[in-house]
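Protein chains in written order, with my numbering: chain X, 6 to 175; chain E, 5 to 386. All residues carry an ideal CB built from backbone N, CA and C; glycine is no exception.
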Ligand SMILES: Cc1cc2nc3c(=O)[nH]c(=O)nc-3n(C[C@H](O)[C@H](O)[C@H](O)COP(=O)(O)OP(=O)(O)OC[C@H]3O[C@@H](n4cnc5c(N)ncnc54)[C@H](O)[C@@H]3O)c2cc1C
Ligand code: SF4
Ligand code: SF4
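The structure is reproduced here in structure tokens:
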């Protein structure tokens, strides 16, 4: 069970799609939506209270996996910085012609800047395509977990989950 | 000799939670910790915590420590820092100052400064919350500078802001190995690889995923064969292991690293409990030798209680709950209770069961149950 997570360190697409936090293809087509990549039964639940729409449920026991009510999710992204596992992303397949956005938590310095060209990486940290930073949000409520949004070619949206870290100059 | 109702060893989440409950019930309460900073493990946990919202999950560990300390101060708990308890006999604690001549080794709350290099404290009840200790791993070259516990690396980087090395090999893919790797990346180091002898990653998938997308490989079924270097680590040799954990000949590989961090588990730090005469029980699932305790957290020595990682290596959330339980029970044995304490105890027990459910934690629940059953027979009955 959970072969991908437990041997490679990240879930396979198949594992994700069968988890209750992963939106359906139909929902993804409709616009921005949370993608919860938390598929093990661990004792954790801050995501549940993070969502003002009550779209995320864990319930009792606390080891239940987060369930996304995809029709309630309005794609606001407020849940992203509240997850200590940094396991929630926001994907918008409707951003533009052939262009999608992926938002992810990014707790490294220096932060990228809006407009910056970046290397988008997949779950294994391998570069998959170029991306452009369109938003870097770090308000106080994020408690030092900035959320970065990048645009990528739409066909890479299911794969891209971060960017190659920007090295600090020494 | 200084006299208190309740003396607590360890100012981690378990000790502070216990102190707050004791003081709330009118016990004069003193917490002793050998570290210069209060908070136990929490002072170096700069990540947002797991657990339930009730246990302030989503809050960073350091902030949880600050909140607990603030609450302890409000309840007039006295916290003495730099104070190492080196023996306990007849409910007397022998304390030595870990930082002699350092006036910063003072207290918060009570405002006392260490009067001399040694102090004896008579306590009516004692709660031991000494936490866990890192396991070591022996391999050729393990004594070279640059080989260190992952916890040590975490303390260097997060508390003292010194990067332990530039290129790091992490040995062990449990939660500690994964989280410390992430924090070393954040601090600007490169984590060359995380290796794990078991065929599967032990820690949470979400922690593994964080460092994977940062480009760090996690090699399961791999071990460190030796460290090489003249005066410090310059290289690590790793190899694949077979199903009986033996290195596969010919699979050795050299990694260019200057630091090897060992994260192969914690064990209960039971030395002081053992010195005090508490009977121990061997429980691999709880991390090794643990003091036997009953459902009230009392050990086989009447009046001495335990809580937190000392009574089984778990998490801050369980440490907080066990600390609360020990604090309430120790106070109650002195005839100091608050109305509603029975319900409070029942609620804590329920939360502990909920925290110990699921495939990750159920084995701990079973081990804990076994320990408490032994405790119910062997520990004193009131
Ligand atoms: C890398 C890492 C990440 C973690 N992440 C999480 C997480 O996300 N969520 C979570 O819930 N938990 C997490 N934990 C676990 C959590 O930090 C511990 O379970 C918790 O701190 C245990 O609390 P404690 O009070 O029992 O012990 P500790 O916090 O270890 O405190 C023990 C204290 O006792 C003192 N002490 C020991 N012996 C003596 C003596 N003889 N005299 C005086 N003082 C003494 C020590 O100095 C120490 O301050 C993590 C742990 C690590 C290492
Ligand atoms: S994106 Fe907004 S609406 Fe959707 S689950 Fe997250 S917090 Fe809730
Ligand atoms: S907060 Fe994050 S890690 Fe915790 S259960 Fe929710 S999605 Fe999983």
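Residue i to residue j span [Cα, whole Å]
i, j, result
"residue 109(E)", "residue 7(E)", "Confidence at residue 109(E) is low in this model, with a pLDDT of 40, below 50, so its placement is unreliable and the value that follows should be read with caution. Near 21 Å, if we compare the C-alpha coordinates of residue 7(E) and residue 109(E)."
"residue 292(E)", "residue 382(E)", "19 Å"
"residue 191(E)", "residue 367(E)", "34 Å"
"residue 148(X)", "residue 109(X)", "15 Å"
"residue 88(X)", "residue 71(X)", "11 Å"
"residue 242(E)", "residue 230(E)", "7 Å"
"residue 414(E)", "residue 70(E)", "No information on residue 414(E) is available, as it lies outside the stretch 5 to 386 that chain E covers here."
"residue 157(E)", "residue 48(E)", "10 Å"
"residue 180(E)", "residue 102(X)", "44 Å"
"residue 163(X)", "residue 157(X)", "10 Å"
"residue 234(E)", "residue 284(E)", "42 Å"
"residue 375(E)", "residue 311(E)", "13 Å"
"residue 18(X)", "residue 38(E)", "48 Å"
"residue 373(E)", "residue 33(E)", "29 Å"
"residue 3(E)", "residue 163(E)", "As shown, chain E starts at 5 and ends at 386. That puts residue 3(E) outside it, with no answer to give."
"residue 88(E)", "residue 315(E)", "19 Å"
"residue 12(X)", "residue 136(E)", "28 Å"
"residue 65(X)", "residue 193(E)", "39 Å"
"residue 175(E)", "residue 268(E)", "7 Å"
"residue 26(E)", "residue 5(E)", "21 Å"
"residue 160(X)", "residue 244(E)", "36 Å"
"residue 171(X)", "residue 114(X)", "8 Å"
Proximity of residue i and residue j at Cβ, strictly below 8 Å
i, j, result
"residue 96(X)", "residue 125(X)", "no"
"residue 216(E)", "residue 92(X)", "no"
"residue 16(E)", "residue 55(E)", "no"
"residue 73(X)", "residue 61(X)", "yes"
"residue 222(E)", "residue 196(E)", "no"
"residue 227(E)", "residue 264(E)", "no"
"residue 153(X)", "residue 100(X)", "no"
"residue 209(E)", "residue 296(E)", "no"
"residue 125(E)", "residue 23(E)", "no"
"residue 207(E)", "residue 133(E)", "no"
"residue 9(X)", "residue 22(X)", "no"
"residue 95(E)", "residue 9(E)", "no"
"residue 57(E)", "residue 51(X)", "yes"
"residue 335(E)", "residue 309(E)", "no"
"residue 371(E)", "residue 300(E)", "no"
"residue 105(X)", "residue 78(X)", "no"
"residue 182(E)", "residue 211(E)", "yes"
"residue 138(E)", "residue 155(E)", "yes"
"residue 31(E)", "residue 338(E)", "yes"
According to DSSP, residues forming a beta bridge with residue i
i, result
"residue 95(X)", "39(X), 108(X)"
"residue 55(E)", "49(X)"
"residue 272(E)", "136(E)"
"residue 72(X)", "62(X)"
"residue 33(E)", "10(E)"
"residue 93(E)", "96(E)"
"residue 85(E)", "37(E)"
"residue 152(E)", "265(E)"
"residue 64(E)", "52(E)"
Chain X residues whose Cβ lies nearer than 7 Å to that of residue i
i, result
"residue 190(E)", "112, 113"
"residue 53(E)", "89"
"residue 352(E)", "The contacting residues do not exist; residue 352(E) stays about 15 Å from chain X at best."
"residue 95(E)", "In chain order: nothing, as chain X lies at least about 36 Å away."
8 Å Cβ cut-off: residues of chain E touching residue i
i, result
"residue 143(X)", "Simply none; closest approach about 14 Å."
"residue 15(X)", "209, 212, 213, 216, 217"
"residue 12(X)", "203, 204, 205, 224"
"residue 44(X)", "209"
"residue 101(X)", "Going along chain E, no residue has its Cβ under 8 Å from residue 101(X), so there is no contact; the nearest lies around 25 Å."
"residue 130(X)", "216, 217, 218, 219, 220"
Contacts that residue i makes with chain X (C-beta to C-beta distance below 8 Å)
i, result
"residue 365(E)", "48, 68"
"residue 371(E)", "What residue 371(E) touches in chain X: nothing, since even the nearest Cβ is about 16 Å away."
"residue 359(E)", "48, 67"
Contacts of residue i in chain E (Cβ-Cβ under 9 Å)
i, result
"residue 182(X)", "Residue coverage of chain X in this structure runs from 6 to 175, which leaves residue 182(X) outside it and unanswerable."
"residue 126(X)", "217, 218, 219"
Near ligand 4: residue i beta-carbon under 7 Å from a heavy atom
i, result
"residue 50(X)", "Ligands displayed in this structure: ligand 1, ligand 2 and ligand 3; ligand 4 is not among them."
Listed by chain order, chain X residues near residue i by CB distance under 9 Å
i, result
"residue 316(E)", "Within chain X, no residue comes near residue 316(E); the closest Cβ sits about 15 Å away, beyond 9 Å."
"residue 362(E)", "45, 46, 47, 48, 66, 67, 68, 69"
Neighbour list for residue i in chain E, Cβ cutoff strictly below 7 Å
i, result
"residue 51(X)", "57, 61, 62"
"residue 167(X)", "217"
"residue 24(X)", "Within 7 Å Cβ-Cβ: nothing; residue 24(X) doesn't reach chain E, min ~11 Å."
* Identify every run of the alpha helix (DSSP H) within the segment 170-200 of chain E, keeping only runs that are complete inside it and at least 4 residues long; order them along the chain. => You should have 179-190.
* Asked: Can you list the beta strand (DSSP E) stretches of 3 or more residues lying completely in the segment 217-284 of chain E, in chain order?
  -> Here the runs fully enclosed are 222-224, 226-232, 239-244, 257-259, 263-266, 270-272.
* Inside the segment 99-173 of chain X only - beta strand (DSSP E) runs reaching at least 3 residues -> Correct list: 104-110, 122-126, 132-142, 152-158.
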